[in-house]
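Protein chains in written order, with this note's numbering: chain A, 269 to 638; chain B, 138 to 209.
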């Protein structure tokens with residue numbers, strides 16, 4: 269399909285270095301081409317192995333990554349995927365995640381450059397999540413699974429190395445976040461009582477897909493006491509009413525993650541749509557929780573029609589409409605859910621995994637060049 | 138801003154100190170490396186209206202200078 273040796277002759281396409289782990293890592297640190305952790309040297313052979321799972325021209329950009337608007341070619345992405353420690357068969361899903369997060373509604377420029385601490389969260393659905401053994405159960409957001417750790421890391425490396433999200437230069441986040449190292453999970457479809465996230469968002473069940481959200485880290489919702497779904501929803505809704513999140517001032521689409529046990533309890537008496545309606549109605553804070561300057565300068569401006577003269581007991585909602593709330597089932601055993609606020613000025617993007625001819629991929633092997 | 142500058146309009150971007158490097162990088166990315174970046178004191182959030190006015194007063198002569206230079 270493409271001639272790698274020839275492409276690497278182009279100016280700036282590659283660098284000559286001894287295939288020596290320490291020397292190459294020293295070079296990467298010097299160039300700033302890392303997340304701070306050691307990288308796997310992206311030799312021609314390793315990059316070629318990665319590109320064996322790419323069915324598109326290796327030197328044609330699939331997206332431009334803000335804020336540098338660097339061209340994300342499969343060749344560049346493959347180098348970053350090698351550096352992150354990805355297996356070659358992860359490559360099609362990695363490319364899809366990059367493409368999805370560069371779609372306009374996500375506002376990657378804002379997500380990358382803001383002072384807020386958000387990072388693109390990738391939730392994987394469909395058969396490819398199982399094929400690649402992407403963790404959706406216990407410790408799904410934590411360490412322990414190569415696919416979660418390295419595809420997520422490869423995304424960050426592309427955001428830095430291609431997109432220019434360099435701290436204090438292209439990434440102005442006041443704090444950053446551990447989610448900026450790696451932030452990729454799968455939905456626990458097997459344990460979910462509802463249709464999967466990608467189906468709810470309009471894709472066929474047999475599709476494999478990513479949903480990308482410009483998100484904060486998950487905030488835990490502990491509820492070991494409620495005996496029914498309404499109780500669990502009340503606790504989640506209570507957690508959503510936070511004064512300092514961006515979402516309350518935007519038509520934002522934050523995420524509720526239900527652990528499978530909470531989801532099962534809720535599903536006994538609520539459909540997913542009903543759960544969203546409940547959470548929207550009860551997920552709020554009172555104006556009294558906001559500072560007088562925020563009331564004067566934010567509430568009166570943002571809600572000038574609904575709350576022209578806000579009173580202390582007036583309600584500010586975590587999400588403006590029930591359909592703005594995303595719900596996914598993730599995690600293992602335990603009476604926990606999580607709330608994931610967003611950057612606010614961002615909308616989730618869901619994209620299906622398709623081969624170059626536009627057909628839904630059944631397996632990552634559909635991309636393999638033979 | 139970059140498009141306005143390219144169309145020949147006298148253009149400048151006002152930013153606070155910590156955002157100068159981001160502004161310079163964006164100006165290069167969008168093909169207007171000479172786009173004037175007028176630096177005002179940080180921060181812009183959490184300040185009174187009087188402080189906002191003071192920043193505007195800080196920026197105004199800088200912008201006037203840009204206009205003057207471009208018309209000479």
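Don't be surprised by glycine CBs; every beta carbon is placed ideally from N, CA and C.
Query raised in the report: Grouping DSSP H, G and I as helix and E and B as strand, with all else coil, what is residue 587 of chain A?
Result: Position 319 of the first chain, counting from 1, holds the residue named residue 587 of chain A. Of the three classes helix, strand and coil, the one that applies to residue 587 of chain A here is coil, per DSSP.
Query raised in the report: Under the rule that 16 or more other beta-carbon atoms within 10 Å means buried, what is residue 538 of chain A, buried or exposed?
Result: Sequence index remark: in the first chain, residue 538 of chain A carries index 270 (1-based). By the 10 Å Cβ count, residue 538 of chain A comes out buried.
Report task. Grab the span of the beta strand (DSSP E) containing residue 175 of chain B for me, first residue to last. Result -> To locate residue 175 of chain B, count along the second chain from 1; it is residue 38. Counting along the chain, the beta strand (DSSP E) containing residue 175 of chain B begins and ends at 174 to 177.
Query - DSSP three-state assignment for residue 507 of chain A, whether helix, strand or coil - result: Taking the first chain and counting its residues from 1, the one referred to as residue 507 of chain A is at position 239. Reduced to three states, the DSSP call for residue 507 of chain A is helix.
Query - For residue 317 of chain A, the first and last residue of its enclosing alpha helix (DSSP H) - result: On the first chain, position 49 is the one that residue 317 of chain A refers to. Segment 312 to 319, the alpha helix (DSSP H) holding residue 317 of chain A.
Query - Cβ-based burial, residue 454 of chain A [other Cβ within 10 Å; buried from 16] - result: The count along the first chain starts at 1 and reaches residue 454 of chain A at position 186. It is buried - the Cβ of residue 454 of chain A has at least 16 other Cβ atoms within 10 Å.
Query raised in the report: Taking DSSP as the reference, what is the three-state secondary structure of residue 564 of chain A?
Result: Stepping through the first chain from its first residue, residue 564 of chain A is reached at position 296. Three-state DSSP puts residue 564 of chain A in a helix.
Query raised in the report: Which runs of the beta strand (DSSP E) spanning at least 3 residues fall entirely within the stretch 438 to 516 of chain A, listed in chain order?
Result: 452 to 454, 477 to 483, 487 to 490
**Report entry** The beta strand (DSSP E) enclosing residue 388 of chain A, as first and last residue numbers
**Finding:** In the first chain, residue 388 of chain A corresponds to position 120, counting from 1. Start and end: 387 to 393.
Report task. Identify the contact partners of residue 175 of chain B in chain A, using a Cβ-Cβ distance below 7 Å as the criterion. Result -> Reading the second chain from its first residue, position 38 is the one you call residue 175 of chain B. Result: empty, since nearest Cβ-Cβ is about 18 Å, beyond 7 Å.
Query - C-beta atoms of residue 520 of chain A and residue 592 of chain A nearer than 8 Å - result: In the first chain, residue 520 of chain A corresponds to position 252, counting from 1. In the first chain, residue 592 of chain A corresponds to position 324, counting from 1. Cβ atoms of residue 520 of chain A and residue 592 of chain A: closer than 8 Å.
Query raised in the report: What are the boundary residues of the beta strand (DSSP E) that includes residue 338 of chain A?
Result: Working through the first chain from its first residue, we reach residue 338 of chain A at position 70. Counting along the chain, the beta strand (DSSP E) containing residue 338 of chain A begins and ends at 338 to 340.
Report task. May I ask you to report which of helix, strand or coil DSSP gives residue 610 of chain A? Result -> Against the first chain, residue 610 of chain A aligns to sequence position 342. Strand, per DSSP.
Report task. Please state whether DSSP places residue 153 of chain B in a helix, a strand or coil. Result -> Locating residue 153 of chain B in the second chain gives position 16, where the first residue counts as 1. Correct three-state label for residue 153 of chain B: strand.
Query raised in the report: Applying a beta-carbon distance threshold of less than 8 Å, which residues of chain A neighbour residue 162 of chain B?
Result: Within the second chain, residue 162 of chain B is the residue found at index 25, counting from 1. The answer, in chain order, is 335, 336, 432, 437, 438.
Query raised in the report: Is the stretch 559 to 567 of chain A touching the stretch 482 to 490 of chain A in the sense that three or more CB pairs, one from each, lie closer than 8 Å?
Result: no
Report task. Check whether the stretch 466 to 477 of chain A touches the stretch 421 to 428 of chain A, counting contact only when three or more Cβ pairs, one atom from each stretch, lie closer than 8 Å. Result -> no
Report task. List the endpoints of the continuous beta strand (DSSP E) containing residue 533 of chain A. Result -> One-based indexing of the first chain puts residue 533 of chain A at position 265. No beta strand (DSSP E) holds residue 533 of chain A; the alpha helix (DSSP H) holding it covers 528 to 535.
Query raised in the report: Identify the residues that DSSP records as bridge partners of residue 628 of chain A: which are they?
Result: As a working mapping, residue 628 of chain A is identified with position 360 in the first chain. Answer is A:622.
Query raised in the report: Are the C-beta of residue 381 of chain A and some C-beta of chain B separated by less than 8 Å?
Result: Numbered from its first residue, the first chain carries residue 381 of chain A at position 113. Chain B, which has a Cβ nearer than 8 Å to the Cβ of residue 381 of chain A, makes this yes.
Query - Start-end ranges of the beta strand (DSSP E) lying completely within the stretch 332 to 377 of chain A, minimum 3 residues - result: 338 to 340
Query - Rounded separation between residue 515 of chain A and residue 381 of chain A - CA only - result: Stepping through the first chain from its first residue, residue 515 of chain A is reached at position 247. Stepping through the first chain from its first residue, residue 381 of chain A is reached at position 113. Those two C-alpha atoms are separated by around 18 Å.
Report task. For residue 554 of chain A, I'd like the list of residues in its chain whose CB is within less than 8 Å of its CB, leaving aside the five on either flank, ordered along the chain. Result -> As a position in the first chain, residue 554 of chain A is number 286, starting the count at 1. 580, 581, 582, 583, 584.
Requested in this report: Look at residue 344 of chain A and residue 321 of chain A and say whether their C-beta atoms are less than 8 Å apart.
Outcome: By 1-based counting over the first chain, the position of residue 344 of chain A is 76. By 1-based counting over the first chain, the position of residue 321 of chain A is 53. Against a cut-off of 8 Å, the Cβ pair of residue 321 of chain A and residue 344 of chain A comes out as no contact.
Query raised in the report: Got a sec, what are the start and stop residues for the beta strand (DSSP E) residue 554 of chain A sits in?
Result: Along the first chain, one-based indexing puts residue 554 of chain A at 286. 552 to 554 is the span of the beta strand (DSSP E), which, as asked, contains residue 554 of chain A.
Query raised in the report: Would you call the stretch 485 to 502 of chain A and the stretch 329 to 347 of chain A touching, i.e. three or more CB-CB distances under 8 Å?
Result: no
Query raised in the report: Taking Cβ-Cβ distances shorter than 8 Å, what residues in chain A pair up with residue 159 of chain B?
Result: For this step, residue 159 of chain B is matched to residue 22 along the second chain. Within 8 Å Cβ-Cβ: 335, 381, 437, 438, 440.
Report task. Please state if the CB of residue 608 of chain A and the CB of residue 547 of chain A are separated by a distance shorter than 8 Å. Result -> Along the first chain, one-based indexing puts residue 547 of chain A at 279. Along the first chain, one-based indexing puts residue 608 of chain A at 340. Going by C-beta atoms, residue 547 of chain A is not nearer than 8 Å to residue 608 of chain A.
Query raised in the report: Got a sec, what are the start and stop residues for the beta strand (DSSP E) residue 594 of chain A sits in?
Result: As a working note, residue 594 of chain A is residue 326 in the first chain. Element bounds for residue 594 of chain A: 594 to 597.
Query raised in the report: Hey, is the stretch 435 to 448 of chain A in contact with the stretch 318 to 333 of chain A, meaning 3+ C-beta pairs nearer than 8 Å?
Result: no
Requested in this report: Please decide whether residue 156 of chain B counts as near chain A, where near means a Cβ-Cβ distance under 8 Å.
Outcome: On the second chain, position 19 is the one that residue 156 of chain B refers to. With 8 Å as the cut-off, residue 156 of chain B counts as an interface residue toward chain A.
Requested in this report: Determine the closest residue to residue 156 of chain B out of A:423, A:439, A:395, with distance taken between C-alpha atoms.
Outcome: For the purposes of this step, residue 156 of chain B is taken as residue 19 along the second chain, with counting starting at 1. The shortest Cα separation from residue 156 of chain B among A:423, A:439, A:395 belongs to A:439.
Report task. Given a cut-off of 8 Å, decide if residue 596 of chain A and residue 525 of chain A are closer than it, judged by their beta-carbon atoms. Result -> Here the question's residue 525 of chain A lines up with position 257 in the first chain. Here the question's residue 596 of chain A lines up with position 328 in the first chain. Against a cut-off of 8 Å, the Cβ pair of residue 596 of chain A and residue 525 of chain A comes out as a contact.
Requested in this report: Using the DSSP secondary-structure output, state which residues sit across from residue 169 of chain B in a beta bridge.
Outcome: The residue given as residue 169 of chain B occupies position 32 in the second chain. None, per the DSSP bridge assignment.
Query raised in the report: Any contact of the stretch 393 to 400 of chain A with the stretch 615 to 632 of chain A, i.e. 3+ C-beta pairs under 8 Å?
Result: yes
Requested in this report: May I have a chain-ordered list of the beta strand (DSSP E) segments no shorter than 3 residues that lie completely inside the stretch 278 to 315 of chain A?
Outcome: none
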